[in-house]
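Engineer: Take this structure, written in structure tokens, and hold onto it; I'll ask about it next.
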Amino acid sequence: MGRVLGAGLVCVCVLGVVVTTAVAQGRGAQGPPTNLQVLPQDTPRPQLTALMRSFTAALGVQCSHCHVGTPQERAKDDLETKAKARNMLKMVMALNGEYLGVPAGEDNKVTCYTCHRGELKPLTAPPPGGGGR
Ligand code: HEC
Ligand code: HEC
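If you read the sequence shown in my numbering, its first letter stands for residue -8, the second for the next number, and so on.
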């Protein structure tokens, strides 16, 4: 910490912490996400919250299906479902990017809802007597 070369950097970091804390308090939210491994680290909080709500709607679950504890503890990796959801997220990103070539900034063609339709286990075949149009 006391090294001369590091001093400038330390100052910048401390300033950064003060600024982000102030922004977080101003919005009445928590600090920036600390454990994003698939999404970009700097995903803005409103975008992250909207995505998480789309997960609950797409799968027909609550936040607690993938998260333990209080809203302050969402960074924890205690549940296998959160790990599965990370893989699903990678798959969906690859489908839209590599396979469908959706341009950056445009809405995804494949979402969690595309398969899940409000259920944890997507159907693998049309229901008996149904499916034909
Ligand atoms: C289907 C599983 C799933 C559901 C349901 C879910 N989440 Fe998440 N959540 C994740 C995954 C996976 C990540 C980590 C993404 C990554 O690594 O890029 C995450 C990360 C987060 C983070 C960032 C934590 C940090 O600091 O790194 C927050 C905040 C969060 N979720 C809030 C919510 C809220 C609020 C809800 C309910 C509206 C919710 N989540 C529902 C899977 C889920
Ligand atoms: C291409 C189809 C498809 C898409 C898109 C998809 N999933 Fe899945 N998902 C599946 C299948 C298939 C399973 C396995 C279900 C089973 O075990 O029968 C599954 C399982 C899961 C599970 C484990 C279910 C459980 O029992 O808790 C989670 C969590 C999950 N998906 C989250 C997501 C999330 C979040 C997204 C969007 C980022 C997503 N999925 C997008 C097909 C898909």
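Each residue gets a CB set at the ideal place from its N, CA and C atoms; glycine is no exception.
Remember, predicted model here, so these are calculated numbers, not experimental data.
Measuring only the C-alpha atoms, how far is residue 62 from residue 120?
Structural biologist: The alpha-carbon atoms of residue 62 and residue 120 are separated by roughly 44 Å.
Engineer: What residue range does the alpha helix (DSSP H) around residue 83 cover?
Structural biologist: Residue 83 -> alpha helix (DSSP H) spans 71 to 85.
Engineer: Report the residue from 51, 25, 58 whose alpha carbon sits nearest the alpha carbon of residue 112.
Structural biologist: Minimum Cα distance to residue 112 is reached at 51.
Engineer: Does the distance between the C-beta of residue 112 and the nearest non-hydrogen atom of ligand 2 fall short of 8 Å?
Structural biologist: Checking the Cβ of residue 112 against ligand 2 gives yes.
Engineer: Can you determine whether any heavy atom of ligand 1 sits closer than 8 Å to the C-beta of residue 26, and answer yes or no?
Structural biologist: Because some heavy atom of ligand 1 lies under 8 Å away, the Cβ of residue 26 counts as near it: yes.
Engineer: To the nearest whole angstrom, what separates the beta carbons of residue 41 and residue 103, a pair I think is in contact under 8 Å?
Structural biologist: Rounded, the Cβ-Cβ distance is 13 Å, inconsistent with contact.
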